[in-house]
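Peer 1: Shown below is the structure under consideration.
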Ligand code: EPU
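Residue numbers (the numbering used here): 298 to 723.
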């Protein structure tokens with residue numbers, strides 16, 4: 298098992314660049330399925346989630362190649378239609394092949410991804426929307442089976458909640474459906490806008506990208522393209538919070554700061570100096586941060602994926618913060634690990650009250666998901682000793698070259714392999 302060891306006390310300072318967003322690149326790779334032939338996605342992060350998506354596509358008959366930050370996906374005339382549980386359990390986002398496969402093949406059988414360590418994650422809006430477009434959907438032996446032998450037809454779909462995944466799946470189904478589709482209460486994340494851009498370049502007819510009403514006029518076929526993924530706002534936000542927590546001075550390049558405007562505004566309220574440019578942001582903090590309250594919401598609200606960083610910041614701030622999570626029911630699961638670091642946190646339902654301490658206390662902790670792992674690393678920088686973070690495969694799923702970036706910013710951090718604890722025997 299790999300662990301990351303972090304010595305507390307360092308101040309993050311310097312420049313770090315972020316590459317394309319995981320949550321965009323994964324969907325762009327799935328979107329390639331919509332057109333036979335070779336598509337290329339650039340600015341793709343080298344992380345395990347992308348490798349798993351590449352394998353999902355290979356099993357569907359695509360040829361997938363990776364060189365530097367480019368991923369090539371050569372799609373056959375007739376792709377396969379099944380995604381098995383052994384891959385889907387490693388990558389919940391593989392459910393996003395459901396829409397494109399149904400649109401291309403009129404049939405798709407994709408393993409039900411189930412929940413994960415941030416809580417239960419339903420599919421009702423994905424399947425409800427596809428059903429409105431004429432698909433017959435059933436669940437059998439852990440699979441979602443969707444069929445539309447006569448093709449999908451445009452429909453008006455009202456989402457109960459602006460789900461990122463459902464918006465993407467329905468959008469990718471609608472671009473090849475017969476007639477017009479309207480998705481109301483659609484998600485507005487920059488990654489959705491990025492997907493709309495790629496689909497439009499492929500020949501899709503979409504209006505309303507970035508608003509809560511997407512209108513799609515179905516076309517008969519799409520053509521492959523070359524597309525550059527949008528910069529990763531969550532990785533950028535992670536460094537921004539890390540700078541504030543360690544009273545550091547970090548410049549992040551490769552991302553539009555407008556995508557994390559609310560998060561940066563929280564850092565300003567906490568006492569940070571924030572400067573922004575077209576694809577760059579700088580966070581500079583000299584004093585101990587002041588406590589700020591945070592409420593997560595769908596974009597453009599404060600991103601749930603930055604919640605662990607907000608809890609980390611609150612844990613070392615002066616005063617008490619009220620942190621409210623509105624997207625995932627299990628997002629506070631990692632709080633137990635923060636308690637091991639001496640953080641003072643009380644949770645009640647979807648609220649957490651955090652009383653800040655000047656310094657946290659080093660202890661072995663476990664990354665429970667991608668973002669919790671990053672939050673724990675940032676918190677470890679604020680401890681009085683050496684913290685060992687285990688289960689770092691979660692971090693590898695979303696943060697390319699994380700330890701190298703930490704070192705570049707002046708942290709005393711390293712990665713090591715340790716033997717797994719022996720199984721107890723009687
Ligand atoms: N939901 C339903 N039914 C549905 C769809 C969603 O109840 O049919 C619920 C979920 O259970 C959840 C909420 O709606 O409580 C939001 O889910 P959403 O569909 O918006 O999220 P997602 O598509 O599953 C993506 C990102 C997450 C990010 C969320 C919210 C990817 C691969 N994942 O998940 O990223 O937190 O949007 O912004 O794009 C991460 O990168 O670490 C991560 C978890």
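The C-beta atom is built at its ideal place from N, Cα and C for all residues, glycine as well.
What are the start and end residues of each continuous beta strand (DSSP E) run of 3 or more residues lying completely inside the region 426-502, in chain order?
Peer 2: 433-437, 440-444, 453-455, 477-481
Peer 1: Could you name the residues that DSSP lists as bridge partners for residue 648?
Peer 2: 621, 645
Peer 1: Indicate whether residue 414 and residue 630 have their beta-carbon atoms separated by less than 9 Å.
Peer 2: yes
Peer 1: At a cut-off of 8 Å, would you count residue 422 as near ligand 1, judging by its Cβ distance to the nearest heavy atom?
Peer 2: yes
Peer 1: What residues match up with residue 323 in a beta bridge as DSSP calls it?
Peer 2: Bridge partners of residue 323: none, in fact.
Peer 1: Let me make sure I understand the geometry here. Which of 613, 646, 707 has the alpha-carbon closest to that of residue 628?
Peer 2: 646
Peer 1: Between the Cα of residue 375 and those of 683, 400, 544, spot the shortest distance and give me the residue it belongs to.
Peer 2: 400
Peer 1: Would you give the residue range spanned by the alpha helix (DSSP H) that residue 545 belongs to?
Peer 2: Residue 545 -> no alpha helix (DSSP H), and no H or E assigned at all.
Peer 1: For a quick check, are the C-beta atoms of residue 607 and residue 591 less than 9 Å apart?
Peer 2: The criterion of a C-beta distance shorter than 9 Å is satisfied by residue 607 and residue 591.
Peer 1: Buried or exposed, going by whether 16 or more other CB atoms sit within 10 Å of the CB of residue 423?
Peer 2: buried
Peer 1: Using only the heavy atoms of ligand 1, determine whether one of them is closer than 8 Å to the beta carbon of residue 667.
Peer 2: yes
Peer 1: Locate the alpha helix (DSSP H) running through residue 382, then write down its first and last residues.
Peer 2: 382-385
Peer 1: Could you tell me the distance, in whole angstroms, from the CA atom of residue 343 to the CA atom of residue 693?
Peer 2: 9 Å
Peer 1: Could you check where the beta strand (DSSP E) with residue 577 kicks off and where it finishes?
Peer 2: First-last of the beta strand (DSSP E) with residue 577: 577-581.
Peer 1: Cβ of residue 606 less than 9 Å from any chain B Cβ?
Peer 2: Structure shown: chain B not included; a single protein chain is present.
Peer 1: Measuring alpha carbon to alpha carbon, tell me which residue in 618, 370, 404, 609 is nearest residue 538.
Peer 2: 609
Peer 1: At a threshold of 8 Å, does residue 625 count as lining ligand 1 (C-beta to nearest heavy atom)?
Peer 2: yes
Peer 1: Check whether the region 486-499 touches the region 437-456, taking contact to mean three or more Cβ pairs, one atom from each stretch, closer than 8 Å.
Peer 2: no
Peer 1: Could you tell me which residues DSSP pairs with residue 345 in its beta bridges?
Peer 2: DSSP, once it has assigned bridges, lists no residue as partnering residue 345.
Peer 1: In the structure shown, what three-state DSSP assignment does residue 585 receive?
Peer 2: coil
Peer 1: Is DSSP giving residue 335 helix, strand or coil here?
Peer 2: strand
Peer 1: If you compare alpha carbons, which of 354, 450, 711, 696 is closest to residue 668?
Peer 2: 696
Peer 1: State the CB to CB distance for the pair residue 495 and residue 522, rounded to an integer number of angstroms; the pair is presumed to be in contact (CB under 8 Å).
Peer 2: 6 Å
Peer 1: Leaving out five residues on either side along the sequence, give the residues of the same chain with a beta carbon under 8 Å from the beta carbon of residue 359.
Peer 2: 329, 330, 370, 371, 372, 373, 376
Peer 1: Secondary structure at residue 391, three-state DSSP: helix, strand or coil?
Peer 2: helix
Peer 1: Applying the 10 Å Cβ sphere with the 16-neighbour rule, what's the burial state of residue 565?
Peer 2: exposed
Peer 1: Buried or exposed for residue 315, please, with buried defined as at least 16 other CB atoms from any protein chain shown within 10 angstroms of its CB.
Peer 2: buried
Peer 1: When you compare only the Cα positions, how much space is there between residue 501 and residue 576?
Peer 2: 28 Å
Peer 1: If residue 526 and residue 322 are in contact, beta carbons under 8 Å, what's the gap, nearest whole angstrom?
Peer 2: That pair is a contact at about 5 Å.
Peer 1: Please report the Cβ distance between residue 640 and residue 615, rounded to the nearest whole angstrom; I am assuming they are in contact, meaning their Cβ atoms lie under 8 Å.
Peer 2: Actually they do not touch by this definition, with Cβ atoms about 14 Å apart.
Peer 1: If we ignore side chains and look at the alpha-carbon of each, how far apart do residue 546 and residue 558 end up?
Peer 2: 18 Å
Peer 1: I want to know whether the region 299-307 touches the region 675-685 - three or more CB-CB distances under 8 Å.
Peer 2: Short answer: they touch.
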